[in-house]
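Since the structure comes first, as structure tokens, the remarks are kept for the end.
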Amino acid sequence: ATDFGIQEALKQLGVSATNKGTSTGSEWFASGSEFSSTSPVDGELIAKVSATTKEDYERVITKASSAFKEWRVMPAPLRGEIVRQFGEELRRLKEPLGKLVSYEMGKSYQEGLGEVQEMIDICDFAVGLSRQLHGLTMHSERPGHRMYEQYHPLGIVGVISAFNFPVAVWAWNTALAWVCGDVCVWKPSEKTPLCGVACQNIIAKVLKDNNLPEGISNLINGDYQVGEFMTTDKRVPLISATGSTRMGKIVAATVGQRLGKSLLELGGNNAIIVTPDADIKMTVIGAVFGAVGTAGQRCTSTRRLIIHESIYDKVKNAVVDAYKQLRIGNPLDENNHVGPLIDKDAVKGYESALTRVIEEGGKIVVEGGVLSGEGYESGCYVKPAIAEAENSFEIVQHETFAPVLYLLKYSGDVENAIDVQNGVAQGLSSAIMTNNLREAERFLSHTGSDCGIANVNIGTSGAEIGGAFGGEKDTGGGRESGSDAWKVYMRRQTNTINYTTELPLAQGIKFDL
Ligand code: UN1
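Numbering of the sequence shown is given in full-length UniProt numbering, commencing with residue 5 and proceeding in unit increments.
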């Protein structure tokens, strides 16, 4: 079989057949049992990683705590300079890292490169941010007083990331956390541990070259039990977690129990509303990429198309036609549009969604199925499917992390479509395709989409790093990446200074002694 340069990429990234799974900077250790990373592309074992034990974890936290004491007093723009160098290393290693992402996770090589590009972009953003960690200055109600606010480094930030964006989501968090003066402990998904090893190697080199403490970047590996070391640990003031709503509820409860902060980026159930004024060509591109890109495994993947009855058949036929062009296969081969699902459990989830939608009265318009035979040996390749359904179906209410698209029909005004769009538990991304200003503005208004992301004439996926990323309701409420998402990585302080010889009390209170 063609190796597509994987061995060479692993070598460049310092990933070997057996990797120690725990690291502070360039120091690696391991006392836990080994687990395997298997590629969904060809079902082959890529390499092994040892899981982090409680003892390993304690070592990490000790290192991280002492690194924080040094890192927090380094001026923010100098921390920005370190993140700039990290971005440069990512530019240099974009191809091997994009390839590893593609091979370990299964997304197309193009998307793997795109993911590394998101890392580079957030580094650039963070470098600028390192000179803009602004607070406000307020007018005091008391004479001779000054009042202002500051943002101070928070401490150790725990990052728990998902398999679907195995490198970018870490970078969104760490690039910001680092310029904010925090140190990070990362637990990547147990399905993509090698992406974690590779990224840790990249930042470790930068830290070492600059003679900085190892504990600024730390890696731990394993399943949810390893994640629990952090969620239950008071020494980790912020947990940023990406994954399912089920996982997020557990993390929120655990972290909330100790009054820690959590930043949650959970499931979506994203829809595109297609109104009678939509540009059908644009709709098809947005909907098809949204539904089948990353094999439907983005939080922002398009799950539902809410189409006006007057153009329903036209849109349906155009989308069904486009699906006929899709090539499913090895994601490292640039001719293919759709790669495999992450593993066989995901394939089961996909199959059961298709069974359920029929049981509930839906109608399949593009047949799904698991592919077998040459090139599909991993058993993880599935055909993107489309079903006509109702929003009230239980399965439509549920996020299935696979390329299954539901077509829903609406009649009357755009308000009716917005009701359908909002009529799910999740609230991540949403879109409307229309050239009608009134419909677009209504969709974006207070009574419009209830999601964290609402787009006009763009699909639901592929958000830029410059905006705050995240969503409402069952999506968890957190915001990562651009805009002022950095504030969650810092502790906020209000300062009032009296430069007189009197001590007037606020609210005009008299307290004569
Ligand atoms: C995710 O699926 O967790 O907006 C992140 C997008 C990407 C990020 C998705 N920029 O689709």
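Idealized CB from N, CA, C, for every residue including glycine.
Check: So, at 7 Å on beta carbons, what are the nonlocal neighbours of Val324 in its own chain, with the 5 sequence-adjacent residues on each side left out?; Outcome: Val369, Val370, Ile390
Check: Considering only the beta carbon of each residue, do Val77 and Val183 sit closer than 8 Å?; Outcome: no
Check: Could you spell out the range, first to last residue, of the alpha helix (DSSP H) harbouring Met109?; Outcome: 98-109
Check: Out of curiosity, what's the CA-to-CA distance linking Lys58 and Val230?; Outcome: 8 Å
Check: Report back the beta-carbon spacing between Ser40 and Ala55 to the nearest angstrom; my notes put them in contact at under 8 Å.; Outcome: Actually they do not touch by this definition, with Cβ atoms about 11 Å apart.
Check: Do the CB positions of Phe90 and Arg63 come within less than 8 Å of each other?; Outcome: no
Check: Taking Val161 as the reference, give the member of Lys413, Ala68, Ile462, Tyr316 with the closest Cα.; Outcome: Ala68
Check: Going by C-alpha distance, which of Gly18, Lys98, Arg83, Gly110 is nearest Asp337?; Outcome: Gly110
Check: Using a Cβ-Cβ cutoff of less than 6 Å, which residues in the same chain neighbour Asn426 once the five nearest sequence positions on both sides are dropped?; Outcome: Asp454
Check: Checking 8 Å against the spacing of the C-beta atoms, do Phe167 and Ile346 come in under that value?; Outcome: yes
Check: So, using beta-carbon positions, are Gly132 and Glu153 closer together than 8 Å?; Outcome: no
Check: Kindly indicate which residue of Glu419, Gly470, Leu432, Gly431 has the alpha-carbon position closest to the one of Ser449.; Outcome: Glu419
Check: Helix, strand or coil for Ala393 per DSSP?; Outcome: coil
Check: What are the boundary residues of the alpha helix (DSSP H) that Pro197 is part of?; Outcome: 197-213
Check: So, at 7 Å on beta carbons, what are the nonlocal neighbours of Asp128 in its own chain, with the 5 sequence-adjacent residues on each side left out?; Outcome: Gly91
Check: Using DSSP with H/G/I as helix, E/B as strand and the rest coil, what is residue 1?; Outcome: The displayed coordinates of the chain run from 5 to 517. Any statement about residue 1 would go beyond what the structure contains.
Check: Smallest Cα separation from residue 519: which of His149, Ser487, Ser356, Val460?; Outcome: Only positions 5 to 517 of the chain appear in the structure, and residue 519 is not among them; the question remains open.
Check: With DSSP run on the structure shown, which of helix, strand or coil describes Arg146?; Outcome: coil
Check: Determine the direct distance from the alpha carbon of Ser43 to that of Ser134, and round the result to whole angstroms.; Outcome: 38 Å
Check: For Asn225, count neighbouring C-beta atoms within 10 Å of its own C-beta (all shown protein chains included) and say buried if the count is 16 or more, exposed if not.; Outcome: buried
Check: Compare the beta carbon distance of Ser434 and Ile457 with 8 Å and say whether it is the shorter of the two.; Outcome: yes
Check: For the 8 Å Cβ check, are there 3 or more pairs between the stretch 98-110 and the stretch 169-178?; Outcome: yes
Check: Which full runs of the beta strand (DSSP E) of 3+ residues lie inside the stretch 10-90, going along the chain?; Outcome: 26-28, 31-33, 38-42, 49-54
Check: DSSP three-state call for Leu242: helix, strand or coil?; Outcome: strand
Check: Could you give the DSSP three-state label for Arg307: helix, strand or coil?; Outcome: strand
Check: Keeping to the same chain, check which residues put their C-beta closer than 6 Å to that of Pro508; ignore five residues upstream and five downstream.; Outcome: Arg146
Check: For my contact list, Phe293 and Ala350 are in at a C-beta cut-off of 8 Å; report their separation, rounded to the angstrom.; Outcome: Actually they are not in contact, since the Cβ atoms of Phe293 and Ala350 sit about 20 Å apart, beyond 8 Å.
Check: Got a sec? Which residues, its chain only, sit under 7 Å from Tyr113 by beta carbon, not counting five neighbours each side?; Outcome: Gly102, Lys103, Ser106, Pro335, Leu336, Glu338
Check: If I measure Cβ to Cβ from Ser144 and keep anything under 8 Å in the same chain, skipping five residues before and after, which residues do I get?; Outcome: Arg150, Met151, Thr500
Check: In its own chain, which residues sit with a C-beta less than 6 Å from the C-beta of Gly247, not counting the 5 before and 5 after it?; Outcome: Ala166
Check: Determine the closest residue to Leu137 out of Gln121, Tyr414, His156, Ile332, with distance taken between C-alpha atoms.; Outcome: His156
Check: Kindly list the residues whose CB is nearer than 7 Å to the CB of Ser487, restricted to its own chain and excluding five residues on each side of it in sequence; keep chain order.; Outcome: Gly471, Ala472
Check: Just how far apart, CA to CA, sit Gly372 and Ala357?; Outcome: 11 Å
Check: Quick test of the definition: if touching needs 3 or more C-beta pairs under 8 Å, does the stretch 407-417 touch the stretch 251-258?; Outcome: no
Check: What are the residues that DSSP puts in a beta bridge with Met494?; Outcome: Pro157
Check: For a test of your reading of the model: does the CB of Val173 fall under 7 Å from any non-hydrogen atom of the ligand UN1? Yes or no.; Outcome: yes
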